[in-house]
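Numbering (our numbering), first residue to last: 35 to 205. Think of the CB as a built atom: it goes at the ideal place given N, C-alpha and C, for glycine as much as any other residue. Remember, it's a predicted structure, so these values are computed and weren't measured experimentally.
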Ligand SMILES: [Zn+2]
């Protein structure tokens with residue numbers, strides 16, 4: 035089963051071998067789901083804690099994750115990371131470091147190419163209920179056991195302190 039990356043609804047069809055995209059009844063062909071789909075996410079840090087969110091829709095509904103989402107066409111991952119944090123949690127973030135780019139296969143066979151940044155904000159998060167059902171500042175010793183995809187592995191990398199400075203002006 036595929037799920038629309040815009041609205042989370044089940045999407046018909048989809049054959050990655052044929053690069054045949056699943057179809058959302060509202061949003062049409064979902065090409066991003068059958069190619070390497072670029073995503074961007076941010077580990078927002080504050081006082082040694084990190085901001086996590088709980089997913090409000092499929093896939094992984096109800097599961098904790100590192101906030102982020104798909105990069106739009108023509109958009110740099112840096113821009114996508116900042117935009118997604120505004121959309122999901124209502125915060126303006128300043129990206130401070132690059133954790134890495136990760137390739138992972140989702141539970142539905144999607145190939146996600148995820149650039150994970152570190153960031154900071156002075157804003158208080160406000161969950162967008164369409165995307166996020168709950169958020170929390172979490173310490174390195176209190177990370178959720180179950181997380182969406184391989185987010186937990188990225189948090190282990192974060193704990194290991196492997197992040198590097200952003201190259202150039204961040205783009
Ligand atoms: Zn849709």
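Query - At least 3 beta-carbon pairs within less than 8 Å: the region 104-118 vs the region 187-195 - result: Touching, no, given that fewer than three Cβ pairs across the two stretches are closer than 8 Å.
**Report entry** Cα-Cα separation, residue 125 to residue 157
**Finding:** The count along the chain shown starts at 1 and reaches residue 125 at position 91. The count along the chain shown starts at 1 and reaches residue 157 at position 123. Taking the straight line from one Cα to the other gives about 5 Å.
Query raised in the report: Any heavy atom of ligand 2 closer than 8 Å to the Cβ of residue 43?
Result: By its list of ligands, the structure shown excludes ligand 2, since it contains just ligand 1.
**Report entry** Residue closest to residue 87, alpha-carbon to alpha-carbon, out of 134, 151, 182
**Finding:** The residue you call residue 87 lines up with position 53 of the chain shown. Nearest to residue 87 by alpha-carbon distance, out of 134, 151, 182, is 182.
Report task. Evaluate the contact criterion for the region 76-96 versus the region 156-170: three or more CB pairs, one atom per stretch, below 8 Å. Result -> A contact exists between the region 76-96 and the region 156-170.
**Report entry** Contact under 9 Å by Cβ, residue 122 with residue 101
**Finding:** Translated into the one-based positions of the chain shown, residue 122 becomes position 88. Translated into the one-based positions of the chain shown, residue 101 becomes position 67. Against a cut-off of 9 Å, the Cβ pair of residue 101 and residue 122 comes out as a contact.
Query - Distance CB(residue 131)-CB(residue 151) smaller than 9 Å - result: Walking along the chain shown from the start, residue 131 turns up at place 97. Walking along the chain shown from the start, residue 151 turns up at place 117. Yes, the Cβ-Cβ distance between residue 131 and residue 151 is below 9 Å.
**Report entry** Complete alpha helix (DSSP H) runs within the region 51-103 (minimum length 4 residues, chain order)
**Finding:** Listed in chain order, nothing qualifies, since the region 51-103 has no complete alpha helix (DSSP H) run of 4 or more residues.
Requested in this report: Please report the residue range of the beta strand (DSSP E) in which residue 154 lies.
Outcome: Reading the chain shown from its first residue, position 120 is the one you call residue 154. For residue 154, the enclosing beta strand (DSSP E) starts and ends at 145-154.
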